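Participant:
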Amino acid sequence: MFNFLRTGVLFAVLTALFMAVGYFLGGTSGMLIAFGVAAVTNLFAFWNSDKMVLSMQGAHEVDPRSAPDLYAMVERLARQAGIPTPKIYLIDTQQPNAFATGRDPNNAAVAVSTGLLNYLQPNEVAGVIAHELAHIRNRDTLTMTVTGTMAGAISMLAQFG
-7 MFNFLRTGVL FAVLTALFMA VGYFLGGTSG MLIAFGVAAV TNLFAFWNSD KMVLSMQGAH
53 EVDPRSAPDL YAMVERLARQ AGIPTPKIYL IDTQQPNAFA TGRDPNNAAV AVSTGLLNYL
113 QPNEVAGVIA HELAHIRNRD TLTMTVTGTM AGAISMLAQF G
């Protein structure tokens, strides 16, 4: 519940920031237009930010046939964590990395890089994945994903300033 509230505050701050810039650039009309842009940005962030993050990382979804060991590990750890098995993505890079994303446990994903799988032992990979699943269980993923999207939106605002 706390993370849901924190995400709401992030949306409110983003909206206020957009409206302030809109007012500065165009008075009341600019502020109203900025409110509309902020509303669309907030809705987009809520529904699509996980897909954007996965796409930006070049992640592709795997299934039990294409990555049987990884899939079985995530499935087992998710069951132990008491959450639905998230979608599983692989990022083809030698940089060791893993992250969780999604708006809630029923719409979550875990992504791991080939570098992580190559450099770590299976029990170490399990530890990393368990950490990411804890983010999903605690609903940290929505806040983290929206924060990333907000950073992009603020960068976009800087282009207008």
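For the sequence shown, counting from 1, position 120 maps to 112 in our numbering; every step adds exactly one. A virtual CB, placed ideally from N, CA and C, is assigned to each residue, including glycine. This structure is a prediction, so every number in the text was calculated from the model and none was measured.
1) Val117 and Tyr81 - do their beta-carbons sit closer together than 8 Å?
2) Taking only the alpha-carbon atoms, compute the straight-line gap between Gly144 and Leu2 and give it to the nearest angstrom.
3) When the distance is taken between beta carbons, is Ala26 closer than 8 Å to Gly160?
4) If you draw a straight line from the alpha carbon of Thr33 to that of Ala103, how long is it in whole angstroms?
5) By how many angstroms is the C-alpha of Arg131 removed from the C-alpha of His123?
6) To test your reading of the DSSP string, which unbroken beta strand (DSSP E) runs of 3 or more residues are found completely within the region 84 to 115?
7) I need the straight-line Cα distance from Asn99 to Gly50, nearest angstrom please.
8) Around the Cβ of Ala90, are there at least 16 other Cβ atoms within 10 angstroms (buried) or fewer (exposed)?
9) Under the assumption that Ile128 contacts Ile75 (Cβ atoms under 8 Å), give the Cβ distance between them as a whole number of angstroms.
10) Check Ile80 in the structure and name its three-state DSSP category.
11) For the region 3 to 32, which segments carrying the beta strand (DSSP E) assignment without a break, of at least 3 residues, lie completely within its bounds, in sequence order?
12) Between Arg(-2) and the rest of its own chain, which residues show a CB-CB distance below 7 Å, the 5 nearest in sequence each way excluded?
13) Considering only residues of the same chain and omitting the five flanking positions on each side of Pro56, which have a CB-CB separation below 6 Å?
14) Reducing DSSP to helix, strand and coil, say where Ala51 ends up.
15) Using the Cα positions of Glu67 and Thr20, report the straight-line distance between them to the nearest angstrom.
Facilitator: Reading it off the structure:
1) Locating residue 81 in the sequence shown gives position 89, where the first residue counts as 1. Locating residue 117 in the sequence shown gives position 125, where the first residue counts as 1. Their beta carbons are not under 8 Å apart, which means Tyr81 does not touch Val117 by this criterion.
2) Taking the sequence shown and counting its residues from 1, the one referred to as residue 144 is at position 152. Taking the sequence shown and counting its residues from 1, the one referred to as residue 2 is at position 10. Approximately 13 Å, taken between the alpha carbons.
3) With the chain covering -7 to 153 only, the question about residue 160 has no answer from this structure.
4) Your numbering for residue 33 matches position 41 in the sequence shown. Your numbering for residue 103 matches position 111 in the sequence shown. When the Cα atoms are used, Thr33 and Ala103 turn out to be separated by approximately 24 Å.
5) Taking the sequence shown and counting its residues from 1, the one referred to as residue 123 is at position 131. Taking the sequence shown and counting its residues from 1, the one referred to as residue 131 is at position 139. When rounded, the distance between both Cα atoms is 13 Å.
6) Listed in chain order, the beta strand (DSSP E) elements of length 3 or more contained wholly in the region 84 to 115 are 90 to 94 and 100 to 105.
7) For this step, residue 99 is matched to residue 107 along the sequence shown. For this step, residue 50 is matched to residue 58 along the sequence shown. Cα-Cα distance, rounded: 19 Å.
8) What you label residue 90 is simply residue 98 of the sequence shown in a count that begins at 1. Classification for Ala90: buried.
9) Numbered from 1 along the sequence shown, position 136 holds the residue referred to as residue 128. Numbered from 1 along the sequence shown, position 83 holds the residue referred to as residue 75. Indeed they touch by this definition, with Cβ atoms about 6 Å apart.
10) Here residue 80 is taken as the residue at index 88 of the sequence shown, counted from 1. Ile80: strand per DSSP, three-state reduction.
11) Counting whole runs of 3 or more residues, the region 3 to 32 contains no beta strand (DSSP E) stretch at all.
12) By one-based count along the sequence shown, residue -2 stands at place 6. Correct list, in chain order: Thr135.
13) Residue 56 sits at position 64 when you count from the first residue of the sequence shown. Excluding residues within five positions, the ones whose Cβ falls inside 6 Å are Tyr63.
14) For this step, residue 51 is matched to residue 59 along the sequence shown. Residue state, collapsed to three classes: strand.
15) In the sequence shown, residue 67 corresponds to position 75, counting from 1. In the sequence shown, residue 20 corresponds to position 28, counting from 1. Each residue's Cα considered, the two are about 52 Å apart.
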